[in-house]
Ligand code: SAM
Ligand code: DTB
Ligand code: SF4
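Residue numbers (our numbering): 141 to 504.
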């Protein structure tokens, strides 16, 4: 049985990543089978509950207000809209709903109260509820936990070094602090990253060092292939090769043996054969739904056909951890603190982000 280590070095991880592919696949699949049922894949449905207009400058993101992308922005969805979508997702075989908001951080007030009600509503449908809302204080994490949140997604996205080349409006430590705040509650941590942003292999390994050092390690780890969206600073990045994706998934499986490795953005570019190799290499979760947040994702029916072809079964909700109890708003033991936390704004200059911003100004 493999043991979970928190002291991996970048060199060790690079050695794994660069192994002959057959050795890498065999090692990853062996660990995968020791820790997980290899024929079960968890299905998460993404729902963009508030789209676009974000104040951050993340170089990969079509929802950053400062870049000119072709997305349709939306205010916060209603609880009823979210409930309807969650029911559809449940019928489609999904065990989890992941609600994403284009926010830098959560602010106490009406909108957050509405999100808490969404969490209560979906938990009562007996589905796992995940949120990804940006940075959180400990009090906000507690309130989400009390509403019945199962997971919080907050990605490290790259190595600490390369993060500075992609985002100038917040620092790596802000991400770690939010993850820490989630860890103080009963909510599970979902944290991973993106490959294909122009990073070196050392940065992919560096991100895995950072994730593996977390103790406990994240319960789920999304591996996104960059979707290069026109108008973003990373619009010209070349698509990630399937071999890179397979190597990254396999390495993640070895370094984070207990986590659920999620095939995330970029699946529309992957063949069924490519995805099958990722499942063999240790991926055991997908984002389902015809859309990710703003970009396309494979059709749900096509995914179910792929599951049938490969003999994969969708994971039942609350297989890994018991369902959290929902506390109603009136019975809450927490109050909104209205804190104004000091998340950092390093504001260093990233040339390609500046260029994309200037291009957008010229268009607008
Ligand atoms: N605003 C929150 C935040 O940044 O944490 C939550 C939403 S944000 C869109 C969630 C994650 O989506 C990011 O951390 C990143 O990993 C992923 N993402 C965003 N744009 C992407 C793209 N073009 N390609 C791949 N992944 C992307
Ligand atoms: C994650 O790691 N990937 C998802 C989810 N967590 C929120 C988001 C992918 C977004 C891809 C670009 C888009 O559709 O806007
Ligand atoms: Fe905003 Fe999140 Fe997009 Fe960054 S990744 S611009 S924080 S929505």
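Note that CB positions come from ideal geometry on N, CA and C, so glycine has one too. Only a predicted model underlies this, so the values are computations on that prediction, with no experimental measurement involved.
{"Item": "Would you tell me roughly how many angstroms separate the C-alpha atoms of residue 149 and residue 391, rounded to the nearest one?", "Value": "13 Å"}
{"Item": "Using a Cβ-based criterion (distance less than 8 Å to any ligand heavy atom), does residue 273 qualify as near ligand 1?", "Value": "yes"}
{"Item": "Once DSSP output is grouped into helix, strand and coil, what is the label at residue 369?", "Value": "coil"}
{"Item": "Who are the Cβ neighbours of residue 246 in its own chain at under 6 Å, not counting the five residues just before and after it?", "Value": "252, 273, 276, 280"}
{"Item": "Apart from the five residues just before and just after residue 353, which ones in its own chain have a Cβ nearer than 7 Å to its Cβ?", "Value": "146"}
{"Item": "Roughly how many whole angstroms lie between the Cα atoms of residue 469 and residue 348?", "Value": "38 Å"}
{"Item": "Please list the segments of the alpha helix (DSSP H) lying wholly inside the segment 144-219, counting only runs of 4 or more residues, in order along the chain.", "Value": "150-157, 161-175"}
{"Item": "From the DSSP output, read off the bridge partner residues of residue 292.", "Value": "271, 329"}
{"Item": "On the three-state DSSP scale, how would you describe residue 431?", "Value": "strand"}
{"Item": "Under 8 Å: do the segment 361-370 and the segment 479-499 share three or more Cβ pairs, one atom per stretch?", "Value": "no"}
{"Item": "Which value, in whole angstroms, describes the spacing of the CA atoms of residue 379 and residue 405?", "Value": "12 Å"}
{"Item": "Tell me whether residue 214 counts as near ligand 2, meaning its Cβ is closer than 8 Å to at least one heavy atom of that ligand.", "Value": "no"}
{"Item": "Can you find the residues in the same chain that come closer than 6 Å, C-beta to C-beta, to residue 373, ignoring five residues on each side of it along the sequence?", "Value": "199, 492, 493, 496"}
{"Item": "For the alpha helix (DSSP H) that contains residue 496, what are its first and last residues?", "Value": "491-503"}
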